[in-house]
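S.K.:
Protein chains in written order, with my numbering: chain A, 1 to 231; chain B, 232 to 719.
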């Protein structure tokens, strides 16, 4: 696997050892020491995934995240010092796909990076149609695109995988931890905020009225489901 | 039994008033009684003197029996002056008595009659013919002995009226005394009651409670002293809280500052761990120790950060439906796979925060592993009427009974000489998480050696029909529960 990863981290030691570990795991790595440099490197290199520290000089990680999201759906994993603060939610709402809590051991980081990169790897199983329809949406599993009334909707990989997972089994209720397993690759005790925030962002893009969702529906106390086609 | 101040005051005042009123009443009554009688007696004596020394000698011949007495006209003559009537005793069986006093002579007292028989003037207040009267008797140089009867009804009426008046006045005085006692008592007791209320509020944690000051009397000074004490208490507590806050902030800052170098260390150590095989034996051992120690350091700083967030009240539970059985098996699989797990067949769903449950149970397992290395650990999930219970029991050495209450204290180590990989904060953190989830976490010794930790979670949805069997997790007096937190 020679995916290219951009690492934006201001602490030189953390930056160096992290880059070392990622290279040892078979990735190519570009590094940046602050937010502005990180955004420039992202534009220049177009990496397959961005590892983004939250606390950065000149331009913080959340702003970098939002700037990248305005232009592309590149997977972003935030590196955050605290797992239980507002950082996580704001980071996810800014468009991050996942987060990793500091300190982390290298195998942990590599596993999360691989999980994020692998997300597009949900090949349609044989016998499943390559095109799914959900309400006015036309979901092309092979091309990883979503159209509504002929115009394409830009979804991140996480958002697409979440939508595809739900749309494959309309009407079936997916508990949050199942979605964490299927979409994010957490086999035990992922952060359910990942699901809630991603559903929120997905609705903002696909629902006619995100406040009254008709396609991705919350099942109180249980999880989420895709709307069953009428009839 | 003690009598309240209010009652004592009332009794004292009423007693005092009653004695005073009684003394005055008796005095006044005696004075009026004797003046009225003296006046009538004086008047009666003058008339009797006149009758005996002027009218009686003027009768000639001197009457010596009833017939001659009636014939002499003396009874009428005596009656002309004043209202007295006369009884005459001639020493025989036929005395003279007025028609309205039949048998009058026999109603006179023997004392009076013997005084009169000796030639002296005597008197008596007595009832005669059914009516109160003053009887004055005497004789003039021998029989007949004359007894003059003066009605004393007016005096008796006046005295009766006086008695009634005095009784009414006394009753009114006692009533007034009672009311006064009440007023005075509540006046005195109001500041005492205010002080009691203030003290109770302070005891309940409201250090701003004060009593109203004002008044230059003893209670005013007492209130000022009370308030001074409360001021001092409040200031001291505030100082202690500020010191504790500062202390905790310092710990939080230290932990936060350590976070960046530790992040680098942890990543570096994990890289070294991956390359251990390429190192020379000595370097390899050193590298292994390094990796272990970096993990310990990380655990300590993680725990410090975690407990600092509780101190800053930055922690909020995020409740969601949680399958407890899944959490228990998940934690055990990652933290202590060799532990024996027993969970009910049906899922136990509670509204809770799965990551906090993971921390609590995980810390209990870490604690069991650190203090009972190699010993059998049993983890069970049961449902009871009290809620869902997760029990972690080990067969380690346990802790002495007197150490149980401190087991949830920060950095508490039952055996200080023991070197373990834990930070000493694990149980304190578990207790904080439990409190945040509305759960209780208790510890107790296990008969036969070892420890039992019981996490009881409140049930917010219906549980599958719980096994009513005793799970051995009942409270007993040796159970220890972390003290409830007081946030500054």
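Ideal Cβ placement from N, Cα and C applies to all residues, glycine included. Quick caveat: nothing in here was measured; it's all calculated off a predicted structure.
1. Just to confirm the assignment: which complete beta strand (DSSP E) runs, minimum length 3, are found wholly within the stretch 574-659 of chain B?
2. Pull out every residue of the stretch 9-28 of chain A whose Cβ sits closer than 8 Å to any Cβ of chain B, in chain order.
3. Is residue 357/B helix, strand or coil when you go by DSSP?
4. Given a cut-off of 9 Å, decide if residue 271/B and residue 383/B are closer than it, judged by their beta-carbon atoms.
5. Report the three-state DSSP secondary structure of residue 225/A (helix, strand or coil).
6. Assuming contact is defined by CB atoms lying nearer than 9 Å, are residue 50/A and residue 17/A in contact in what I supplied?
7. What are the start and end residues of the alpha helix (DSSP H) that includes residue 479/B?
8. Using a cut-off of 7 Å between C-beta atoms, extract the partners of residue 501/B located in chain A.
9. For residue 368/B, which of helix, strand or coil comes out of DSSP?
10. List the endpoints of the continuous alpha helix (DSSP H) containing residue 281/B.
11. What did DSSP end up calling residue 340/B once you bin it into helix, strand or coil?
12. Excluding the five sequence neighbours on either side, which residues of its own chain have a C-beta within less than 6 Å of the C-beta of residue 13/A, listed in chain order?
13. Just verifying my parser: in three-state terms, what is the DSSP assignment at residue 4/A?
14. Whose Cβ in chain A lies nearer than 7 Å to the Cβ of residue 490/B?
15. At what residues does the alpha helix (DSSP H) containing residue 426/B begin and finish?
16. Between residue 198/A and residue 134/A, how many whole angstroms is the CB-CB distance? I'm expecting something under 8 Å.
17. So if I threshold CB-CB distances at 9 Å, which residues from the stretch 541-555 of chain B count as touching chain A?
18. Closer than 8 Å, Cβ to any Cβ of chain A: which residues of the stretch 474-485 of chain B, in chain order?
19. Between the alpha carbons of residue 239/B and residue 255/B, how many angstroms are there, rounded?
20. Starting from residue 147/A, trace the beta strand (DSSP E) both ways and give me its first and last residue.
21. Could you tell me the alpha carbon to alpha carbon distance between residue 26/A and residue 2/A, rounded to whole angstroms?
22. Return the chain-ordered list of same chain residues with a C-beta closer than 6 Å to the C-beta of residue 81/A, the five sequence neighbours on each side being excluded.
23. What whole-angstrom Cβ distance do residue 639/B and residue 658/B have, given they're in contact under 8 Å?
24. Which class does residue 151/A belong to by DSSP, given the choice of helix, strand or coil?
25. DSSP state of residue 319/B, grouped into three classes?
26. Can we say the stretch 498-516 of chain B touches the stretch 106-117 of chain A, given the rule of at least three CB pairs closer than 8 Å?
27. Is the distance from the Cβ of residue 45/A to the Cβ of residue 30/A below 9 Å?
28. How big is the Cα-Cα spacing for residue 607/B and residue 571/B?
29. Residues of chain B with CB closer than 7 Å to the CB of residue 221/A, please, in chain order.
30. Just mark residue 286/B as buried or exposed, buried being the case when its beta carbon has 16 or more other beta carbons within 10 Å.
31. Relative to the C-alpha of residue 90/A, which residue among 63/A, 10/A, 186/A and 114/A is closest?
32. Check the Cβ-Cβ distances between residue 496/B and every residue of chain A, and say whether any is below 9 Å.
33. Where do the N-terminal and C-terminal ends of the beta strand (DSSP E) with residue 30/A fall, by residue?
34. At a Cβ threshold of 9 Å, is residue 487/B touching chain A?
35. If we call anything under 9 Å between Cβ atoms a contact, is residue 378/B one with residue 335/B?
36. Check whether the Cβ atoms of residue 562/B and residue 596/B lie closer than 9 Å to each other.
M.R.: Reading it off the structure:
1. Counting whole runs of 3 or more residues, the stretch 574-659 of chain B contains the beta strand (DSSP E) stretches 580-583, 608-615 and 618-625.
2. Against chain B - using a Cβ distance shorter than 8 Å - the residues of the stretch 9-28 of chain A are 11, 13, 14, 17, 18, 20, 21 and 24.
3. In the second chain, the residue the question calls residue 357/B occupies position 126. Of the three classes helix, strand and coil, the one that applies to residue 357/B here is strand, per DSSP.
4. Translated into the one-based positions of the second chain, residue 383/B becomes position 152. Translated into the one-based positions of the second chain, residue 271/B becomes position 40. In this structure, the beta-carbon distance from residue 383/B to residue 271/B falls below 9 Å.
5. Residue mapping note: residue 225/A aligns to position 225 of the first chain, counting from 1. Here DSSP, grouped into helix, strand and coil, assigns residue 225/A to strand.
6. Within the first chain, numbered from 1, the residue matching residue 50/A stands at position 50. Within the first chain, numbered from 1, the residue matching residue 17/A stands at position 17. The answer is no: Cβ separation not under 9 Å.
7. Against the second chain, residue 479/B aligns to sequence position 248. Run containing residue 479/B: 449-505, per the alpha helix (DSSP H) assignment.
8. Locating residue 501/B in the second chain gives position 270, counting from the first residue. Chain order gives the chain A residues near residue 501/B as 105, 106 and 107, where near means a beta carbon separation below 7 Å.
9. Counting from one through the second chain, the residue named residue 368/B turns up at place 137. Here residue 368/B sits in strand by DSSP.
10. Counting from one through the second chain, the residue named residue 281/B turns up at place 50. Start and end: 236-281.
11. In the second chain, counting from the first residue as 1, residue 340/B sits at position 109. Note: residue 340/B maps to coil in three-state DSSP.
12. Translated into positions along the first chain, residue 13/A becomes position 13. Closer than 6 Å at Cβ, skipping near neighbours: no residue.
13. In the first chain, residue 4/A corresponds to position 4, counting from 1. In the structure shown, the three-state DSSP call for residue 4/A is strand.
14. Position 259 of the second chain holds residue 490/B. Those within 7 Å of residue 490/B in chain A are 81 and 102.
15. Here residue 426/B refers to the residue found at position 195 when the second chain is read from its first residue. From DSSP, the alpha helix (DSSP H) with residue 426/B extends over 384-434.
16. Numbered from 1 along the first chain, position 198 holds the residue referred to as residue 198/A. Numbered from 1 along the first chain, position 134 holds the residue referred to as residue 134/A. The distance from the Cβ of residue 198/A to that of residue 134/A is about 16 Å, inconsistent with a contact at the 8 Å cut-off.
17. Listed by position, the residues of the stretch 541-555 of chain B near chain A (Cβ gap below 9 Å) are 545, 546, 547, 549, 551, 552 and 554.
18. Within the stretch 474-485 of chain B, no residue qualifies.
19. As a working mapping, residue 239/B is identified with position 8 in the second chain. As a working mapping, residue 255/B is identified with position 24 in the second chain. Whole-angstrom Cα-Cα distance: 24 Å.
20. For the purposes of this step, residue 147/A is taken as the residue at position 147 of the first chain. For residue 147/A, the uninterrupted beta strand (DSSP E) run begins and ends at 145-148, by DSSP.
21. For this step, residue 26/A is matched to residue 26 along the first chain. For this step, residue 2/A is matched to residue 2 along the first chain. Going by the C-alpha atoms only, they are around 6 Å apart.
22. What you label residue 81/A is simply residue 81 of the first chain in a count that begins at 1. Taking residue 81/A as the centre and dropping the five residues before and after it, the same chain places the C-beta of 102 closer than 6 Å to its C-beta, in chain order.
23. What you label residue 639/B is simply residue 408 of the second chain in a count that begins at 1. What you label residue 658/B is simply residue 427 of the second chain in a count that begins at 1. By a beta-carbon distance limit of 8 Å, residue 639/B contacts residue 658/B. Their separation comes to about 5 Å.
24. Residue 151/A sits at position 151 when you count from the first residue of the first chain. Residue 151/A falls in the strand class under three-state DSSP.
25. Position 88 of the second chain holds residue 319/B. Residue 319/B sits in a strand when the DSSP states are folded into three classes.
26. Look at the beta carbons and you see the stretch 498-516 of chain B touching the stretch 106-117 of chain A: at least three pairs across the two are nearer than 8 Å.
27. As a position in the first chain, residue 45/A is number 45, starting the count at 1. As a position in the first chain, residue 30/A is number 30, starting the count at 1. A contact, by the Cβ cut-off of 9 Å.
28. Looking up residue 607/B in the second chain gives position 376. Looking up residue 571/B in the second chain gives position 340. Looking at the backbone, the Cα of residue 607/B and that of residue 571/B are separated by about 8 Å.
29. The residue labelled residue 221/A in the question sits at position 221 within the first chain. The CB of residue 221/A comes closer than 7 Å to the CB of 552 in chain B, given here in chain order.
30. The count along the second chain starts at 1 and reaches residue 286/B at position 55. By the neighbour-count rule (16 or more Cβ atoms within 10 Å), residue 286/B is buried.
31. Working through the first chain from its first residue, we reach residue 90/A at position 90. Each of 63/A, 10/A, 186/A and 114/A was checked against the Cα of residue 90/A, and the nearest Cα belongs to 63/A.
32. The residue given as residue 496/B occupies position 265 in the second chain. Using a CB distance cut-off of 9 Å, residue 496/B counts as an interface residue toward chain A.
33. As a position in the first chain, residue 30/A is number 30, starting the count at 1. Per DSSP, the unbroken beta strand (DSSP E) holding residue 30/A starts and ends at 28-32.
34. Looking up residue 487/B in the second chain gives position 256. Yes, residue 487/B counts as interfacial toward chain A.
35. Stepping through the second chain from its first residue, residue 378/B is reached at position 147. Stepping through the second chain from its first residue, residue 335/B is reached at position 104. The Cβ-Cβ distance between residue 378/B and residue 335/B falls below 9 Å.
36. Stepping through the second chain from its first residue, residue 562/B is reached at position 331. Stepping through the second chain from its first residue, residue 596/B is reached at position 365. A contact, by the Cβ cut-off of 9 Å.
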